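Our numbering runs 4 ahead of the 1-based position in the sequence shown.
Just so it is clear, CB atoms sit at the ideal spot from N, CA and C, and this is done for glycine as well.
Owing to the predicted nature of the structure, the values given are computational and were not obtained by experimental measurement.
Structure, as structure tokens:
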Amino acid sequence: MKPIKLLILILFSFILSCGTSSKQAAEYNDFVVETHTELGLYIDSLMIALNHQDSIIIRKYYDKLLAQSLQSIRDVEQNGVLKSDTSYFESVLSLFQAYNTIVKFEIDTLVYLQSLPPEVYTLERFRRTKSLNDSVKSRILQNFEVFSLEQEKFSKKYQLDLK
Numbered sequence: 005m006k007p008i009k010l011l012i013l014i015l016f017s018f019i020l021s022c023g024t025s026s027k028q029a030a031e032y033n034d035f036v037v038e039t040h041t042e043l044g045l046y047i048d049s050l051m052i053a054l055n056h057q058d059s060i061i062i063r064k065y066y067d068k069l070l071a072q073s074l075q076s077i078r079d080v081e082q083n084g085v086l087k088s089d090t091s092y093f094e095s096v097l098s099l100f101q102a103y104n105t106i107v108k109f110e111i112d113t114l115v116y117l118q119s120l121p122p123e124v125y126t127l128e129r130f131r132r133t134k135s136l137n138d139s140v141k142s143r144i145l146q147n148f149e150v151f152s153l154e155q156e157k158f159s160k161k162y163q164l165d166l167k
């Protein structure tokens with residue numbers, strides 16, 4: 005009878021060691037938060053630059069934002085998936101891919117509109133710029149809310165304290 009108990013104990017220990025620990029989950033989540041924060045700083049910097057209407061500065065910040073949005077995706081892909089939780093990885097990757105799409109299309113158009121000379125500034129350009137700006141904010145918020153729900157599940161699963 006003892007060999008069976010020993011075998012069960014060894015098997016149970018092996019199963020536990022194969023799962024993701026709270027420490028691993030916390031480190032992974034910290035990586036996600038740091039990556040997201042860094043990308044957010046680039047977005048904020050560009051939005052501030054757009055208000056100054058200096059096309060050289062705007063282009064510089066746009067290029068940095070685009071590079072960082074691509075780097076964020078690569079970082080997430082290289083960091084990989086936690087063994088026991090692919091849904092969080094997928095939501096993180098989806099978030100950064102959505103940000104990249106927003107940067108390449110909507111923010112790129114904003115950059116173009118704001119880089120035009122002041123003498124071609126029209127009411128239509130103003131409306132288009134405002135509409136795009138509102139759309140960017142809305143889409144970023146929507147994608148972040150979807151991600152936040154998955155992050156909340158992840159934090160509960162691994163008993164993480166989200167700040």
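Between Tyr46 and Gln72, the C-beta spacing is below 7 Å. In chain order, Ile62 place their CB closer than 8 Å to the CB of His56, counting only its own chain and leaving out the 5 sequence neighbours on each side. Tyr125 and Leu70 have their C-alpha atoms roughly 26 Å apart. In this structure, Tyr65 places its C-beta atom within 7 Å of the C-beta atom of Leu50. DSSP places Leu86 within a strand segment (E or B) once states are collapsed to three. DSSP, reduced to helix, strand and coil, places Gln72 within a helical segment of the structure shown.
In the same chain as Tyr32, and ignoring 5 residues on each side of it, the C-beta atoms closer than 6 Å to its own belong to Leu86, in chain order. A contact between stretches requires three or more CB pairs, one per stretch, nearer than 8 Å, and the region 92-100 meets this requirement with the region 144-163.
Within the model, the alpha-carbon separation for Leu164 versus Val36 is close to 14 Å.
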